[in-house]
Amino acid sequence: MAQKKDALGKGLGAIFSDLLDNETGRKTSVNSCGIEELRPNRYQPRKNFNDEDQKKLVASVKQSGIIQPIVVRKADSGYEIIAGERRWRAAQVAGLKDVPIVIRKATDLEAAQLSLIENIQREELNPLEEADAYVTLMEKFNLSQESISAQVGKDRSTIANTIRLLKLPTNAKTALVEKKITSGHARCLLALISQEDQMAVLEIILKRGINVRETEKLITKFKQKPEGKKQVVAKDRFMVDLEKSLTAKCMARVHINGSANKGTLEIAYNSMDELNRLARYLLDEL
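To convert, take the position in the sequence shown, counting from 1, and add 48; that gives the numbering used here.
If you want it as structure tokens, here you go:
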């Protein structure tokens with residue numbers, strides 16, 4: 049495990065150890081191919097390729113070309129990129145016709161892992177893209193968080209906390225991707241059970257620009273708020289009478305949530321026999 053973690057941050061040569069000839073120490077020969085022969089990695093975790101860094105890369109490629117080869121594997125037609133999709137996209141914008149490639153044999157799992165590792169190395173993923181990548185490795189390839197930890201060189205708890213970010217409400221996810229809040233802020237929000245409270249705290253963070261420590265204190269206050277102070281909306285008389293009539297008819301407690309136009313109808317039961325009785329009654333009535 050330690051060896052895997054040490055590889056992180058030393059460049060692709062440390063990850064793609066088989067790109068070196070073990071006997072001579074010479075690098076595998078670099079080929080070139082038409083830019084149209086390449087296709088993106090189906091497991092590419094990165095979704096956004098239009099940031100400032102990408103624009104700088106395009107400018108660099110226009111001036112100096114692609115210095116580091118794109119790592120690929122053979123596909124049914126052409127090649128699938130394992131690592132270097134940013135460079136390939138930049139080459140297209142820069143108007144290059146051919147790009148340097150290194151062909152590597154890799155399984156789907158290896159392609160997914162190496163694409164994730166390269167992006168983590170270069171700090172190119174936003175937290176949600178990283179979380180999605182971990183989930184892909186877990187669900188599609190049945191990897192445990194411990195196994196992923198060994199591959200990417202991050203603690204298991206860090207991976208678990210990153211995955212938890214996917215539970216954020218949509219507005220909080222957007223703020224995180226747009227870097228209006230940090231992962232620290234986002235983890236604080238997850239300490240609140242109610243999405244209502246999460247959104248309320250998010251609004252305060254965005255308006256006041258408070259840091260993570262201040263957010264933690266704010267959330268502590270939210271948790272200490274006494275329960276039961278929510279405004280109770282009285283039901284109209286018709287709904288109350290209807291509940292009583294339905295309760296008598298079904299011989300079970302009936303509760304109406306909502307208004308006369310929209311809502312839900314709840315029927316309570318206390319045993320399997322009672323559930324079967326209610327089911328038979330309702331089915332006979334339909």
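Where is the CB? At the ideal position from N, CA and C, for every residue including glycine.
For residue i, three-class secondary structure by DSSP
i: Arg94; result: coil
i: Tyr317; result: coil
i: Thr312; result: strand
i: Asp332; result: helix
i: Val260; result: helix
i: Arg335; result: This structure does not reach residue 335, given that the chain is present from 49 up to 334, and the question cannot be answered.
i: Glu166; result: helix
i: Asn79; result: strand
i: Ile232; result: Position check: residue 232 holds Gly in this sequence, whereas Ile was assumed. Helix.
i: Leu86; result: strand
Start-to-end residues for the beta strand (DSSP E) that takes in residue i
i: Arg152; result: That residue, Arg152, is in no beta strand (DSSP E); it is neither H nor E in DSSP.
i: Lys122; result: 118-122
Separation of residue j from residue i, as counted between CA atoms
i: Lys95; j: Gln272; result: 39 Å
i: Arg285; j: Asp321; result: 32 Å
i: Leu176; j: Asp124; result: 31 Å
i: Ile115; j: Ser197; result: 30 Å
i: Ala220; j: Ile252; result: 12 Å
i: Asn259; j: Arg235; result: 13 Å
i: Thr222; j: Val302; result: 40 Å
i: Thr206; j: Asn318; result: 43 Å
i: Ile168; j: Val200; result: 8 Å
i: Glu264; j: Ala248; result: 14 Å
i: Gln243; j: Lys215; result: 10 Å
7 Å CB neighbourhood of residue i in its chain, flanking five on each side removed
i: Leu290; result: Ile304
Alpha helix (DSSP H) segment containing residue i, residue limits
i: Ala239; result: Run containing Ala239: none; DSSP gives neither H nor E here.
i: Asn209; result: 204-212
i: Glu128; result: From DSSP, Glu128 is part of no alpha helix (DSSP H) but of the beta strand (DSSP E) over 127-131.
Interface flag, residue i vs chain D, CB-CB below 8 Å
i: Ile83; result: Here there is only one protein chain, and chain D is not present.
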